[in-house]
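**Student:** Encoded as C-alpha cells, here's the structure I'll be asking about.
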Amino acid sequence: ELVESIMDVVRKEAENTDCLQGFQLAHSLGGGTGSGLGSLLLSKIREEYPDRILSTYSVVPSPKVSDTVVEPYNAGLSVHQLVETCDATYCIDNEALYDICFRTLKLTNPGYPDLNQLVSAVMFGVSTSLRFPGQLNSDLRK
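Here full-length UniProt numbering is used: the first residue of the sequence shown is 1, the next is one more, and so on.
In C-alpha cells:
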C-alpha cells in the first residue's frame, strides 16, 4: 500500500518532466526502510520505466559505526536486488563519511546533516554533466 502511494508520486513527477533520463535513490542499506522498502521501490520503478537509468547512492554500514546488530544482514540481503535492478550503484562507506568529517572537516561531533552534506556533494558531482550543457557533457549511458 505504501509502495503504491510512493509510485503514484513518482508517476506524477515523471509526467511533469520534459526529458526524463532516469531516477536516483539515496538510501542506507543498514536499516529496514532503506534496504527493504528501497529494494522494493527500485524493482517497481524498473518495471514501470525499464528504459530509464536507475542509479542509487547506497550508504553501506560499517562495524565501527553501527546502530543495530542486524545492519550487515539487511545490507547483505539488499545487495542482490541492487545488482539485478540498478544500472549504477555508488556505494558510500559510512565509516569513511565519519573519517572525512573528523580528519578533513575537523568536526568534533558530526551529525546526520554533516554526513548528508557529503553524500549530496557526491550526488551533485556525478549529475553535473546531466544538468549543464557542454561539448563533453552527456547522459549517464554514454
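Where is the CB? At the ideal position from N, CA and C, for every residue including glycine.
Here's a check: name, in chain order, each residue in its chain whose Cβ is nearer than 7 Å to the Cβ of Asn94, leaving out the five neighbours to either side.
**Tutor:** Residue mapping note: residue 94 aligns to position 94 of the sequence shown, counting from 1. Excluding sequence positions up to five before and after Asn94, its CB lies within less than 7 Å of the CB of Val59, Val60, Pro61, Ser62, Val65, all in the same chain and listed in chain order.
**Student:** Hey, how far is the Cα of Val122 from the Cα of Ser78?
**Tutor:** Position 122 of the sequence shown, counted from the first residue, corresponds to residue 122. Position 78 of the sequence shown, counted from the first residue, corresponds to residue 78. Between Val122 and Ser78, the C-alpha separation is close to 22 Å.
**Student:** Can you name, in chain order, every residue of its own chain whose Cβ lies under 6 Å from the Cβ of Glu71, other than the five neighbours on each side?
**Tutor:** Position 71 of the sequence shown holds residue 71. Within the same chain, Glu71 has close Cβ partners Gly30, Pro61.
**Student:** Could you give the distance in angstroms between the alpha-carbon of Tyr98 and the alpha-carbon of Asp114?
**Tutor:** Within the sequence shown, the letter at position 98 stands for residue 98. Within the sequence shown, the letter at position 114 stands for residue 114. Between Tyr98 and Asp114, the C-alpha separation is close to 9 Å.
**Student:** For the alpha helix (DSSP H) that contains Ile45, what are its first and last residues?
**Tutor:** For the purposes of this step, residue 45 is identified with residue 45 of the sequence shown, where counting begins at 1. First-last of the alpha helix (DSSP H) with Ile45: 38–48.
**Student:** On the DSSP bridge list, what partners appear for Gly22?
**Tutor:** Position 22 of the sequence shown, counting from 1, holds the residue named residue 22. BP columns for Gly22 point to Ile53.
**Student:** From Gly134 to Phe23, what does the alpha carbon distance come to, in whole angstroms?
**Tutor:** Mapped onto the sequence shown, residue 134 falls at position 134. Mapped onto the sequence shown, residue 23 falls at position 23. Taking the straight line joining both Cα atoms gives about 22 Å.
**Student:** Quick one: Cα of Ala88 to Cα of Val119, how far?
**Tutor:** Taking the first residue of the sequence shown as position 1, residue 88 is located at position 88. Taking the first residue of the sequence shown as position 1, residue 119 is located at position 119. About 16 Å.
**Student:** What does the Cβ neighbour count give for Ala96, buried or exposed, with the cut at 16 atoms within 10 Å?
**Tutor:** Indexing the sequence shown from 1 puts residue 96 at position 96. Label assigned to Ala96: exposed.
**Student:** Would you identify the three-state DSSP class for Cys101, choosing helix, strand or coil?
**Tutor:** Position 101 of the sequence shown, counted from the start, is the residue given in the question as residue 101. Here DSSP, grouped into helix, strand and coil, assigns Cys101 to helix.
**Student:** Would Cys19 be called buried (16 or more neighbouring beta carbons within 10 Å of its own) or exposed?
**Tutor:** Residue mapping note: residue 19 aligns to position 19 of the sequence shown, counting from 1. Under this definition Cys19 is an exposed residue.
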